[in-house]
Amino acid sequence: MSFLEALHDRVLVCDGAMGSMLYDRGVFVNQSFEALNLTRPELVVEVHRAYVDAGADVIETNTFCANRMKLAGFGLADRFAEINVAGVRLARQAAGASGYVAGAIGPLGVTVGDGGSTTVETAESHFAEQAAALIEGGVDLLLLETFGTVEELEAAVRAVRRLSALPVVAQMATGEDGRSLDGVAPEQFARTLSAHGATMVGVNCGAGPAATLESVEQMAEATDAPLSAQPNAGGPKEVEGRRLVLSSPEFLASYARRYVAVGVGLVGGCCGTTPAHIARIKQAVMALSAPRSVPAWSPASV
Ligand SMILES: [Zn+2]
6 MSFLEALHDR
16 VLVCDGAMGS
26 MLYDRGVFVN
36 QSFEALNLTR
46 PELVVEVHRA
56 YVDAGADVIE
66 TNTFCANRMK
76 LAGFGLADRF
86 AEINVAGVRL
96 ARQAAGASGY
106 VAGAIGPLGV
116 TVGDGGSTTV
126 ETAESHFAEQ
136 AAALIEGGVD
146 LLLLETFGTV
156 EELEAAVRAV
166 RRLSALPVVA
176 QMATGEDGRS
186 LDGVAPEQFA
196 RTLSAHGATM
206 VGVNCGAGPA
216 ATLESVEQMA
226 EATDAPLSAQ
236 PNAGGPKEVE
246 GRRLVLSSPE
256 FLASYARRYV
266 AVGVGLVGGC
276 CGTTPAHIAR
286 IKQAVMALSA
296 PRSVPAWSPA
306 SV
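Those letters in the sequence shown? Residues 6 to 307, per the numbering used here, in order.
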């Protein structure tokens with residue numbers, strides 16, 4: 006069954022954080038986490054497996070920062086293709102034939118577009134190059150995530166769409182107010198990203214589960230596309246005069262059900278989430294049926 010067929014059928018669960026899991030295993034933050042695909046593959050597979058065991062249907066490749074620009078900062082530009090292809094192989098090793106491997110693509114880490122250091126065209130060529138390597142490795146879908154500006158995510162969606170008809174999930178990072186970090190309302194970015202060919206639109210990272218609910222509710226008003234949500238474990242909150250970080254697996258799972266009720270068909274976790282969070286999310290949503298149908302992408306829809 007393909008990823009889109011499965012999405013028709015049931016709510017799919019994506020994995021949780023990779024970075025914090027690697028950090029917990031003694032990997033220092035000043036090195037390229039993506040280079041571990043070559044130097045410590047067993048460590049990467051161990052994290053993937055923990056998420057598969059927790060019930061994740063979709064495993065994201067450890068390639069979030071594996072674009073040529075960011076790898077160059079670590080002197081790894083020449084290992085670019087290898088790092089991406091290895092990332093797919095390791096995720097597949099853990100996901101097996103019945104799980105889905107999502108090729109993770111993050112922002113370039115520079116300002117793209119008018120007044121920025123990088124033109125939209127250059128950004129598109131970087132995204133296209135990374136997507137091509139991930140596709141060559143054999144991903145089932147591409148997952149563009151944690152984008153701070155709509156312009157950059159739009160460029161990434163366009164670049165991937167020019168290459169491939171694979172499912173594309175496009176996720177913005179959002180703030181406390183539910184808007185993208187460049188201040189665009191969820192209704193607006195949901196519409197724009199769908200129009201550029203994203204199969205699913207969503208949000209990840211951001212200000213925790215409650216802010217994420219705000220975003221998906223507003224996206225649901227603007228598009229019929231199935232939605233995705235991968236919140237951080239939770240931001241600090243003022244409760245009876247105390248600042249608490251509400252981040253328990255139960256807390257996140259209770260929100261997962263609310264996301265599905267609004268139209269989310271793919272739910273996972275971002276920063277600070279662990280296999281325990283994913284296991285509880287899985288329990289919470291496994292009996293729910295898919296909230297929205299998925300139209301196959303066709304060139305005519307762009
Ligand atoms: Zn995050």
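Think of the CB as a built atom: it goes at the ideal place given N, C-alpha and C, for glycine as much as any other residue.
Beta carbon of residue i, beta carbon of residue j: below 8 Å?
i, j, result
"L232", "A225", "yes"
"P228", "A195", "Going by the sequence as given, residue 228 is Thr instead of Pro. In this structure, A195 lies closer than 8 Å to T228 by Cβ."
"D308", "P296", "Missing from the structure shown is residue 308; the chain here goes from 6 to 307 and no further."
"G270", "L257", "no"
"V115", "M74", "yes"
"A11", "E65", "no"
"V125", "A96", "no"
"V267", "V221", "yes"
"A138", "A86", "yes"
"S122", "V155", "no"
"G101", "Y56", "no"
"V265", "V16", "yes"
"A109", "T68", "yes"
"A234", "V272", "yes"
"P112", "G153", "yes"
"S252", "H13", "no"
"R247", "L218", "no"
"C210", "T127", "no"
"L76", "S25", "no"
"G60", "K287", "yes"
"N42", "V52", "no"
Around the C-beta of residue i, are 16 or more other C-beta atoms found within 10 angstroms, so that it is buried, or is it exposed?
i, result
"P304", "Because P304 sits at a pLDDT of 46, beneath the cut-off of 50, its placement in the model cannot be relied upon, and the point is left open."
"E157", "buried"
"V244", "exposed"
"Y28", "exposed"
"D119", "exposed"
"V34", "exposed"
"D62", "buried"
"V18", "buried"
"A212", "buried"
"L249", "exposed"
"E141", "exposed"
"E255", "exposed"
"S306", "Its pLDDT being 43, under 50, S306 is placed unreliably by the model, and nothing is read from it."
"M23", "buried"
"L9", "buried"
"M6", "exposed"
"R285", "buried"
"H282", "buried"
"A82", "exposed"
"A216", "buried"
Is there at least one non-hydrogen atom of ligand 1 closer than 7 Å to the beta-carbon of residue i?
i, result
"T179", "no"
"N67", "no"
"C70", "no"
"C19", "no"
"T151", "yes"
"N237", "yes"
"N42", "no"
"N209", "yes"
For the beta strand (DSSP E) holding residue i, just list the boundary residues, first then last.
i, result
"E65", "63 to 65"
"P236", "232 to 236"
"G270", "269 to 272"
"T217", "Run containing T217: none in the beta strand (DSSP E); it sits in the alpha helix (DSSP H), 214 to 227."
"T151", "146 to 152"
"A200", "Note, A200: premise wrong, no beta strand (DSSP E); alpha helix (DSSP H) at 191 to 200."
"A109", "105 to 110"
"G120", "Careful: G120 lies outside any beta strand (DSSP E) and carries neither H nor E."
"N209", "205 to 210"
Please report the residue range of the alpha helix (DSSP H) in which residue i lies.
i, result
"G142", "125 to 142"
"G24", "24 to 29"
"G92", "85 to 100"
"L48", "46 to 59"
"A175", "Taken as a continuous stretch (DSSP letters only), A175 belongs to no alpha helix (DSSP H), being part of the beta strand (DSSP E) at 173 to 178."
"M74", "73 to 77"
"V115", "Here V115 belongs to no alpha helix (DSSP H), and DSSP marks it neither H nor E."
"V290", "280 to 290"
"V155", "155 to 168"
"A82", "That residue, A82, is in no alpha helix (DSSP H); it is neither H nor E in DSSP."
"F8", "8 to 14"
Measure from the C-beta of residue i to each C-beta in chain D and report whether the shortest distance is under 8 Å.
i, result
"Y56", "Of the protein chains in this structure there is only one, and it is not chain D."
For this session: Decide yes or no for the touch test of the stretch 158 to 174 against the stretch 183 to 202: beta carbon pairs closer than 8 Å, at least 3 of them.
Result: yes
Exercise. For the stretch 179 to 193 against the stretch 136 to 151, are there 3 or more C-beta pairs whose distance is under 8 Å?
Worked result: no
Exercise. Does the stretch 130 to 137 touch the stretch 90 to 106, meaning 3 or more C-beta pairs lie closer than 8 Å?
Worked result: no
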